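Only one structure is covered here, and it is reproduced in the block below.
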Amino acid sequence: MNVTTYSIAIGCTLVLGAGLWGGMATQFNARGQLDYKPNVACVKGSPYGKILALAMQGPIDFYWHEGASHEDTSILNQDAHEHDASCADGCDDHSGHDHAAAKSAHGEDCPCDAHGGKQENLKEGETGPLHLRAKRMIKKMAAYSRRKTDGQPLSPAHQKYLQGVVEDKLRFAYELDPSNYINYGNYHLFISTTSLGKSEGDDDRAVKLAMRTLDFCQEDDVDPESWLTAASAAYDIVSHIGRYYEQYTIPEAKESLAQFDVCLQQYVQLRDQALKNNRIVSEIRLDDMEARANSLTKLREGQGIYMKRVMTEKMSVN
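In this note's numbering, the protein residues as written are 18 to 335.
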């Protein structure tokens with residue numbers, strides 16, 4: 018075999034290999050087999066992931082509210098304006114709160130704070146134990162690092178940047194613990210609404226997220242809170258069907274409502290078992306779950322009435 022023939026054979030082999038690789042890669046990519054979603058140290062879905070998911074809710078809040086959290090606003094207002102005895106009459110640097118009106122409504126002897134929460138005195142920040150002064154200083158530095166300085170509306174480029182950051186953080190927090198009620202709700206809300214300058218929500222993507230969350234949470238046979246998240250996802254599916262009822266059949270609508278009811282029933286069953294076995298040690302957590310369950314129940318009642326009406330209209334038209 019001479020050099021020319023050898024070169025042609027090598028070239029044909031390379032072209033054939035590249036063609037086969039490209040064709041198979043397209044098929045693999047269409048099936049999602051080339052997606053790489055690393056789970057470093059298996060944190061996502063683990064108990065450690067649940068803790069990290071809770072810890073991420075704070076940083077997400079800063080970006081979602083354009084860097085202005087309630088705590089930051091309070092710290093910056095304190096630093097910019099020192100309050101004195103005349104504050105109630107002439108001060109307007111309190112995020113819109115009227116001190117004089119609050120004092121009149123509550124009375125002179127009312128121990129509550131007109132701000133709606135305890136306000137730290139700037140003079141107190143200058144004294145006290147070293148670790149408390151250091152903590153206050155760190156909070157002030159963090160607030161200054163996140164503050165908006167130009168006073169102008171966000172530019173489209175800045176909105177797009179914040180949109181990307183928030184979505185990345187929401188997705189990561191959700192992946193750490195898909196059964197977390199708050200992280201699922203925040204992620205679903207972000208996808209389905211026009212937050213941070215988005216032109217429109219992505220309802221198809223939102224309902225796919227709800228279905229994936231529902232499937233994940235239904236595998237939990239211990240934690241009642243997972244079934245509250247499942248009920249929330251089921252309600253989002255019901256709401257989607259109600260919004261686009263022309264695209265769904267009456268049996269599909271009934272099935273979505275029944276699926277929601279099963280989730281709440283399973284929550285009640287697991288909650289009772291957890292209480293019986295003393296696995297719910299926090300009254301705050303129990304009260305929070307009950308409040309969510311009651312809210313979902315009321316939403317279910319309203320959505321059920323709406324679904325019955327629109328499906329009846331659909332039957333009459335057909």
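C-beta atoms are modelled at their ideal positions from N, C-alpha and C, and glycine is treated no differently.
What you are looking at is a predicted structure, and each value in this text was computed from that prediction instead of being measured.
Backbone secondary structure at residue i - three-state DSSP
i, result
"S256", "helix"
"V239", "coil"
"D5", "Only positions 18 to 335 of the chain appear in this structure, which leaves residue 5 out of reach."
"T266", "coil"
"G319", "helix"
"D220", "helix"
"S340", "An answer regarding residue 340 cannot be provided, because it is not within the stretch 18 to 335 covered by the chain."
"N311", "helix"
"P173", "helix"
"D194", "coil"
"R296", "coil"
"T210", "coil"
"N19", "coil"
Whether residue i touches residue j by CB criterion (7 Å)
i, j, result
"Y323", "G259", "yes"
"A270", "D253", "no"
"C234", "S273", "no"
"L187", "F207", "yes"
"P241", "R296", "no"
"V224", "H175", "no"
"G327", "Y262", "Strictly speaking, residue 327 in this sequence is Val, with Gly absent from that position. Going by C-beta atoms, V327 is nearer than 7 Å to Y262."
"L193", "L69", "yes"
"Q286", "A251", "no"
"Q320", "V255", "yes"
8 Å contact criterion, which residue i and residue j should meet: CB distance rounded
i, j, result
"Y201", "S243", "So it is not a contact: roughly 10 Å between Cβ atoms."
"A310", "L281", "7 Å"
"Y191", "Y204", "5 Å"
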